[in-house]
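Residue numbers (this note's numbering): 10 to 900.
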């Protein structure tokens, strides 16, 4: 399994994640955390951490910290005091007791410049003289770099802007989030909660505010009172003391209409008893919004209400989009209810509600979740308060399905309130009506245990995006070390806690599933003709992977007697998805018939086995025929039946006629003609000619400069040593050059051609051929058909010819001529600098192996386009203009 059932955050060591240390006592960093996308435009995701009690400009003015992602690795610990602009930066609150950073979030790309932005809430700020009305701050991302610190007072419209709350004691910014593109204009929007606002005269009913993104720029500040439907709108809570907007989030596209939706929590609402809690889904629309929306007007067409179950459950305490956790192609959502009592008082519950394109009723009772429309996730112990923070985390285990995280910051795994968080894996195999967090076992999710008593790890949890650039999403957990609520402190109320806070990044782990097939299941003692097993892995290929295997007891061949002993492990190199190993028969001169070698993969913690392809078998054909054979000298013509003939010394001519013959030339320069039937022709030493005739023949050249001709039938031609010529014939043949400078011609059919050692020439002919140059400076010519050409090591020339070809120069600096058709050129880091002479924009495309488009540099170099990754030159497109090359040209 990729993850153990239980993971201690104390075990983070830089390879599996790292710890982010707060700066000063009382800062409580980690009170809010979030992945923010790529804010510095380097192609790697970044994250943000809030410390609402930090004191940059007076007590509790608050700080937030942006930590940049990197594909260069992380140390086990990072001190936020070490952020210097190159690895991240500090964002300073403005005034004493503002509590900036009480809520932080990625905002998507709200200004439409192609770079992600972020939002910070300061719920205790006093804009426009309105005490505790609250402020929020949007900071724009940019690819020009950041200073070590940014003062929120310096936002001027060009680098971000301030969003001012409306009324006294509204606490706008208590919760902030990106909302996706809720109005369908192609630009991301955001949502701000003001849980203590008084809409429609309803005291503390709460309000939320959607602010639309725009590529037309923003002023230095925006008053939420100025939202008019064109720039955003207000969402009004329903009843007194509902505190709607205490948690807000984008929900993805939960109704499958192609437009993002949002969710709002009101943990104190009373649908099924006091404080049972409600959540509200508001559907996005490209038809526009009025100035305000009353949550009481949700009717199933514009959104719907989600009702909590029992008194004091507090459902909606935390709400979030969950991504697509059930793999049906529609986004889902998650709701936390810290007061739920599934396994003791306040053990807590969380609820996953599945998205659907079949519509929703006006309301949904969480008690009606049955596995088909969602499911309940039950906390473990009394007082854990699971569901305190919930979030989607993307795909953390690399199986292609989104996962989610739930926190229980009051759980006691390593002392009172050390805190736990729980990752629940998504699945396309369905869910039951309920899941107990105590049942997470590494296969369906895992537990993340806080380090020390009082840490309250899980105070805030979130997906972090892919912060280490390995292609798999990571997650983020905050541990502030205190239990009180910061927002809602009035006059001189204070906290006596003394925690700087920590946050923890836990790296996702790619799904490394390995499989085994016998790509050449037919071996033979004759000329020790090998069989081949291929081990293939899924997931990232940036690092090598060692796969263990064993020879099964069911094998009839004996290791060391019938075939060369195996090592019982194989390494798939970095950058490669597969590797092969051979079964090499031993010619034992014993008549024993065909024997089998069955290989079984061994499961290790580094990968999972594909249960449908964990074993494979190669059959070794015996070359010892009892007891009649014909020795001869000079000239031999067999019968129409099966002949076995061994030439003596001299330049001999051997004719098999009909039947499946075995003809061996032995020494000197021989001519072997198989005739009809499935023949085996062995040249031996000398410069031999072997002609298969009709039938499925095996031609082995041996030493010397041999000429092997397959003719009709599915033939296998192996040149052996020396510079050989191999002609496949009209059907689907296998041609293997061996040592020496060989010339291979597939002719008709879909052929497999391997040059192996030496400077070889491979000509595919008609058909869809696969060509592998191997070592040496080879020339690969696809000619007709849709071909696959792989140069292998050294400086090769690849010519696609007609058809839609796939060309990979691989190791060495190679020359590629695509020819006609819609061709694909494969590039990988560390495999040389290739040239393409005839790239056709709009027709040919470049396949990125282990590289993302965002990591590339594309520059004009005289008449050519140079494609690089950092200082590594990858590809030169000759006679091409850089303006013609964009992301659409890459796969």
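Each residue gets a CB set at the ideal place from its N, CA and C atoms; glycine is no exception. These numbers come from a predicted model, not from an experiment.
1) Would you tell me roughly how many angstroms separate the C-alpha atoms of residue 606 and residue 555, rounded to the nearest one?
2) Work out the CA separation of residue 59 and residue 68 for me, nearest whole Å.
3) Taking C-alpha atoms, which residue in 615, 93, 699 lies nearest to residue 681?
4) Could you tell me whether any non-hydrogen atom of the ligand ZN is closer than 8 Å to the CB of residue 62?
5) Can you list the beta strand (DSSP E) stretches of 3 or more residues lying completely in the segment 749 to 782, in chain order?
6) So, at 8 Å on beta carbons, what are the nonlocal neighbours of residue 869 in its own chain, with the 5 sequence-adjacent residues on each side left out?
7) In angstroms, rounded to a whole number, what distance separates the CA positions of residue 429 and residue 518?
8) Comparing alpha-carbon positions, which option in 788, 801, 821 lies nearest residue 809?
9) When DSSP labels each residue in this structure, what does residue 531 get in the three-state scheme?
10) Within the chosen definition, does the segment 114 to 134 reach the segment 79 to 94 through at least 3 CB pairs nearer than 8 Å?
11) Does the structure place the segment 224 to 231 close enough to the segment 159 to 175 that three or more beta carbon pairs sit under 8 Å?
12) Suppose you measure from the CA of residue 664 to the CA of residue 549; what does that come to, to the nearest Å?
13) Do you know whose CA, among 674, 586, 445, lies nearest residue 644's CA?
14) Quick one, which of 294, 603, 824 has its alpha-carbon nearest residue 842's?
15) Taking only three categories from DSSP, how would you classify residue 185?
16) Along the chain, where does the beta strand (DSSP E) that runs through residue 680 open and close?
17) Counting along the chain, where does the beta strand (DSSP E) carrying residue 559 start and finish?
18) Looking at C-beta atoms only, is the number of pairs between the segment 134 to 142 and the segment 194 to 202 that lie closer than 8 Å three or more?
19) Taking 8 Å as the cut-off, does the segment 386 to 397 touch the segment 355 to 365 (at least 3 CB pairs, one atom from each stretch)?
20) With C-beta atoms as the reference, is residue 432 less than 9 Å away from residue 399?
21) Please work out which residues of its chain come closer than 6 Å, Cβ to Cβ, to residue 15, disregarding the five sequence neighbours upstream and downstream, and give them in chain order.
22) Starting from residue 270, follow the beta strand (DSSP E) in both directions and report where the run begins and ends.
23) Which runs of the alpha helix (DSSP H), 4 residues or longer, sit entirely within the segment 235 to 319?
24) Under a three-way DSSP split, which group does residue 9 fall into?
25) When we look at the beta-carbon of residue 212 and count the other beta-carbons within 10 Å, is it buried (16 or more) or exposed?
26) Rounded to whole angstroms, what's the CA-CA distance from residue 822 to residue 526? Just pull it up for me.
27) How about residue 720 and residue 695: do their beta carbons lie closer than 9 Å?
28) Here's the rule I'm using: 16 or more other beta-carbon atoms within 10 Å means buried, otherwise exposed. How should residue 410 be labelled?
29) Please report how far the alpha carbon of residue 288 lies from the alpha carbon of residue 415, in whole angstroms.
30) Pick from 768, 764, 794, 793: whose alpha carbon is nearest that of residue 780?
31) Could you have a look at residue 374 and say whether DSSP puts it in helix, strand or coil?
32) Quick one: Cα of residue 884 to Cα of residue 835, how far?
33) In three-state terms, what does DSSP make of residue 89?
34) If we ignore side chains and look at the alpha-carbon of each, how far apart do residue 541 and residue 530 end up?
35) Rounding to the nearest angstrom, what Cα-Cα distance links residue 184 and residue 319 in this structure?
36) Could you check where the beta strand (DSSP E) with residue 734 kicks off and where it finishes?
Well, looking at it:
1) 21 Å
2) 15 Å
3) 699
4) Among the components of this structure there are no ligands whatsoever, and the ligand ZN is therefore not found.
5) 752 to 754, 761 to 763, 770 to 772, 779 to 781
6) 875, 890, 891.
7) Between residue 429 and residue 518, the alpha-carbon positions lie close to 20 Å from each other.
8) Checking every option, the nearest Cα to that of residue 809 belongs to 788.
9) In the structure shown, residue 531 sits in a strand (DSSP, three-state: E or B).
10) no
11) yes
12) 53 Å
13) 674
14) 824
15) Residue 185 sits in a strand when the DSSP states are folded into three classes.
16) 680 to 682
17) 554 to 560
18) Under the Cβ criterion (8 Å, minimum of three pairs), the segment 134 to 142 does not count as touching the segment 194 to 202.
19) yes
20) no
21) 456
22) 270 to 275
23) none
24) Since the displayed the chain opens at 10 and closes at 900, residue 9 lies outside it and no answer follows.
25) By the 10 Å Cβ count, residue 212 comes out exposed.
26) 32 Å
27) no
28) buried
29) 17 Å
30) 764
31) strand
32) 10 Å
33) Helix, per DSSP.
34) Looking at the backbone, the Cα of residue 541 and that of residue 530 are separated by about 7 Å.
35) 24 Å
36) 734 to 736
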